[in-house]
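*Asks:* Input: one structure, supplied below.
In this note's numbering, the protein residues as written are 80 to 1001.
So, in structure tokens, the structure goes:
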């Protein structure tokens, strides 16, 4: 009976579909376990062998928990909206709905080929109107809510209106514009337009004018990390700064709760640190500096070091700061405008990362130090960002290196307020120096002065203590077609929420994806859709890619519900995701937004938990082993790797799939590209040997391997186990198709424990020996612990050890082999199910009871003692652990090998150290 792996795998994949083996119920007496993958964006390229790494690891865990008696939710869906799909559609001349559907079908086929236990009955697709209806609905909940800082939670906007009608906003500082202040009477006198304008400054989803990265070629606003050196990361198109009306989510209001929530979840320390750094909490004070000679104008700065107030030698504003145009002198106007043009070409990421290049421009204006009236020059520089703090900093060159470098570069005099702690060669950011040249702070330590100055600032009415966050409110508008339409209309320019009964606002079909005349999204070109009537227009932006992915885990709990995003009973049952598996590239964006949406829905009473994901596993990447060929410069002759140094060559990448290990298939290479049809080769030992370099797996590097090809050649079970065998799930590692053969041999060896090619099934019902039970229970203990801890590489190693040991014992006993199959089922489900049924079982191995470890079988009953004569080990003998010294000594002294080494000499003594060694002294 041969191991025909492809026939077996196709048979069981079809059977599992027919029997709905992976369909899960929301009503079960079993404990629940929710295992989730970050759902994929279905690109046109399909899966390569690096993609399934996380899916396999989560699948093993889901199957394992099912065997352990849990009701397991393990769904899959598609992050189908977004710019890549739109660009791919543009490049191929097809509608994104068509390309997305085709890509989904290809992805689904590839996933099914690997044998995942997804409950496809719960499949979601973010571009499905039945799904994005609820994305729009959640947006409306955010739009109709505000964050009550005193209660630290979101509330309905009606509660804020009631508070305004009762006592104005004196108790509720306006997060969008802190200068807004009014009484109850004033509120009642405001026009509806003014009231809605004020409420917009409080809403969790709000509209504001913002400077954005506008890329005309792509027709959209780009995030900061999508812009490199003034061009788009995708396509290299020019990007300029442009002020546009954008939707935002007020995630900054949740900053503290996002920080506190990290203490309640099982993320890696590195992941938590990434989120903490992104949120960037700091404590300090805001202080106002009056602009000299400009009545009513002042610059407010936020500083974490109020103790250095007397060391301020210049002020730096963000180039985008509103005051720049007001305070720039006529003499400096041309220089400032020239500098502003330069900043337009720089992305925020570049401005934050740049440390070597110092740029800036003097405005000609001065502010006054509020403590001593000293005139301080005001500069602008790209290293100050409008969105962080107040968009202005007070520069203290003796204590901050960037300020020091700036002062040196522009010859700005430096005030030393820390005496000998400042050497004049570099800044010293110490908090422990004694202050000098600091007026009433002289002689005080800097740490002690922090509170003194903060108190004084508040006492003088020139500022206040302040907690700031580096994180900014997240842009929620995209000027593109392929995304969720906003459920918003404008009546005479004022935004209003649509009635929930009008959802979903479906995406109209378009033939042209070009942006509108003023940079609006392509929807602006569909005038019949935009203009509801003469006074009412639709929002023409669409939501970003992270909209649908911020809440999809909730929809899986109740995907067919047409009345609500998910029923409360369903979300109460499945609750938080127990294990969430995905890449670190989503560490900040997706995770933070998803956490914020969850907290908002919790605050508004729709769900009963505040954190979406209990535990997060970040899988590493599988890198591509790129193969290199070497063309002799100016020719079409390729020289083998070992001979390349004898020639002047150009290094080229070749398709890894036409290389066996490192040996190039020359015939296939010649067919690969027309340019190489007449190529000639300089070989070493009759072979062309390629060079190897480890890189990210990518089509452009010709190093992608299609999992379909691997599965066809070696089987899905081999592929699954090999991906896990490569190394710890969290680590990145290289793919090497050669290495998979060892795992394939292991599964063949396992098969031979159960079946003989001529005799068929050879499993017997004889009782297991103590040695066989010991191997089995050591394996149960190891596999159980390793699977629970995602240590899959060491689990695969243990399977190999187990099969080798059972093979050497010629063990064909049902009582040993059946439990091994159950242990193996999460890793290699097809071969496990096939052999399970070959043994006569009629139910699926998917629901077999997980083997229970019994320590009594692994306890050692004997010890193999090294036996020494005069301190030198001469042989080994095994004795029962409870053997007495007298019987041990008797057997040692009568052993032939020991007697030979004693050479007839009299025994002085026999030293027996129980469980360690025996030494005969002669």
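Ideal placement from N, C-alpha and C gives every residue a C-beta, glycine not left out.
It should be emphasised that the depicted structure is a prediction, and the values quoted were computed from it without experimental measurement.
#1: May I ask you to list the residues that DSSP assigns as paired with residue 362?
#2: Can you name, in chain order, every residue of its own chain whose Cβ lies under 7 Å from the Cβ of residue 235, other than the five neighbours on each side?
#3: May I ask you to report which of helix, strand or coil DSSP gives residue 814?
#4: Comparing alpha-carbon positions, which option in 826, 346, 339, 270 lies nearest residue 661?
#5: Which of the three DSSP states is assigned to residue 486 in this structure?
#6: Taking the alpha helix (DSSP H) that residue 252 belongs to, which residues open and close that run?
#7: Look up residue 325 in the DSSP assignment and give the residues it is bridged to.
#8: Quick one: Cα of residue 756 to Cα of residue 722, how far?
#9: Out of 339, 252, 768, 550, point me to the one whose CA is closest to residue 667's CA.
#10: Helix, strand or coil: how does DSSP classify residue 136 here?
#11: Taking 7 Å as the cut-off, does the CB of residue 392 come closer than this to any heavy atom belonging to the ligand NAP?
#12: In angstroms with no decimal places, state the Cα-to-Cα distance between residue 478 and residue 502.
#13: Compare the C-alpha of residue 537 against each of 588, 795, 385, 791 and name the closest.
#14: Here's a check: name, in chain order, each residue in its chain whose Cβ is nearer than 6 Å to the Cβ of residue 902, leaving out the five neighbours to either side.
#15: Buried or exposed: which applies to residue 520, given that a residue is buried once 16 or more other Cβ atoms fall within 10 Å of its Cβ?
#16: Can you find the residues in the same chain that come closer than 7 Å, C-beta to C-beta, to residue 653, ignoring five residues on each side of it along the sequence?
#17: Residue range of the alpha helix (DSSP H) that residue 894 falls in?
#18: Let me know the secondary structure DSSP gives residue 630 once reduced to three states.
#19: Terminal residues of the continuous alpha helix (DSSP H) containing residue 175?
#20: Shortest alpha-carbon distance to residue 364 belongs to which of 349, 382, 372, 370?
#21: For residue 94 and residue 718, I'd like the C-alpha separation in whole angstroms.
#22: Would you mind working out which of 82, 406, 400 sits nearest residue 376, comparing C-alpha positions?
#23: Taking the straight line between their C-alpha atoms, what separation do you get for residue 908 and residue 816?
#24: Could you give the first and the last residue of the continuous alpha helix (DSSP H) run that contains residue 829?
#25: Throw me the rounded Cβ distance for the residue 159 and residue 178 pair, which I believe falls under 8 Å.
#26: Does chain C have any CB closer than 8 Å to the CB of residue 536?
#27: If you scan the stretch 387 to 430 from start to end, which runs of the beta strand (DSSP E) of 3 or more residues do you find wholly inside it?
#28: So does the stretch 605 to 624 actually touch the stretch 565 to 573, counting three or more Cβ pairs closer than 8 Å?
#29: Whose C-alpha, out of 373, 446, 681, 380, is nearest the C-alpha of residue 630?
#30: Determine whether the beta carbon atoms of residue 323 and residue 300 lie at a separation below 8 Å.
#31: Would you mind reading off the limits of the beta strand (DSSP E) that contains residue 707?
#32: Quick check on residue 574: does DSSP put it in helix, strand or coil?
#33: Can you give me the C-alpha to C-alpha distance between residue 462 and residue 415, rounded to a whole angstrom?
#34: Where does the unbroken beta strand (DSSP E) through residue 234 begin, and where does it stop?
#35: Going by DSSP in three states, residue 129 sits in which element: helix, strand or coil?
#36: With DSSP as the reference, label residue 458 as helix, strand or coil.
*Replies:* In this structure, then:
#1: Answer by DSSP bridge pairing, in chain order: 546.
#2: For residue 235, where only same-chain residues beyond five positions count, the Cβ hits under 7 Å are 223, 224.
#3: Three-state result, residue 814: coil.
#4: The candidate whose alpha carbon is nearest that of residue 661 is 346.
#5: Residue 486 sits in a helix when the DSSP states are folded into three classes.
#6: Run containing residue 252: none; DSSP gives neither H nor E here.
#7: Under DSSP, residue 325 shares a beta bridge with 287.
#8: Cα to Cα, residue 756 sits roughly 22 Å from residue 722.
#9: Looking at the Cα atoms, 550 is the closest of the given residues.
#10: Note: residue 136 maps to helix in three-state DSSP.
#11: Among the ligands in the structure shown, none appear at all, so the ligand NAP cannot be discussed.
#12: So the two alpha carbons sit approximately 11 Å from each other.
#13: Looking at the Cα atoms, 385 is the closest of the given residues.
#14: Counting only Cβ-Cβ distances below 6 Å, and skipping sequence neighbours, we find 862.
#15: Counting the other CB atoms within 10 Å of its CB gives residue 520 a total of 16 or more, which places it among the buried residues.
#16: So the qualifying residues of the chain are 111, 113, 152, 636.
#17: Per DSSP, residue 894 belongs to the alpha helix (DSSP H) from 893 to 903.
#18: Here residue 630 sits in coil by DSSP.
#19: Residues 175 to 193.
#20: Per the Cα distances, 382.
#21: The C-alpha of residue 94 lies about 52 Å from the C-alpha of residue 718.
#22: The alpha carbon of residue 376 has as its nearest neighbour, out of 82, 406, 400, the alpha carbon of 406.
#23: C-alpha of residue 908 to C-alpha of residue 816: approximately 21 Å in a straight line.
#24: Unbroken alpha helix (DSSP H) run through residue 829: 819 to 833.
#25: That pair is no contact at about 10 Å.
#26: Judged by its chain identifiers, the structure shown contains no chain C, having just a single protein chain.
#27: Within the stretch 387 to 430, the complete beta strand (DSSP E) runs of at least 3 residues are 393 to 396.
#28: The count of Cβ pairs closer than 8 Å, one atom from the stretch 605 to 624 and one from the stretch 565 to 573, reaches three, so the stretches are in contact.
#29: Distances from the alpha-carbon of residue 630 to those of 373, 446, 681, 380 put 681 closest.
#30: The answer is yes: Cβ separation under 8 Å.
#31: Counting along the chain, the beta strand (DSSP E) containing residue 707 begins and ends at 701 to 711.
#32: DSSP places residue 574 in strand when its eight states are reduced to three.
#33: For residue 462 and residue 415, the distance between alpha carbons rounds to 15 Å.
#34: Where residue 234 is concerned, the enclosing beta strand (DSSP E) stretches over 232 to 235.
#35: In the three-state scheme derived from DSSP, where H, G and I count as helix and E and B as strand, residue 129 is classed as coil.
#36: Of the three classes helix, strand and coil, the one that applies to residue 458 here is strand, per DSSP.
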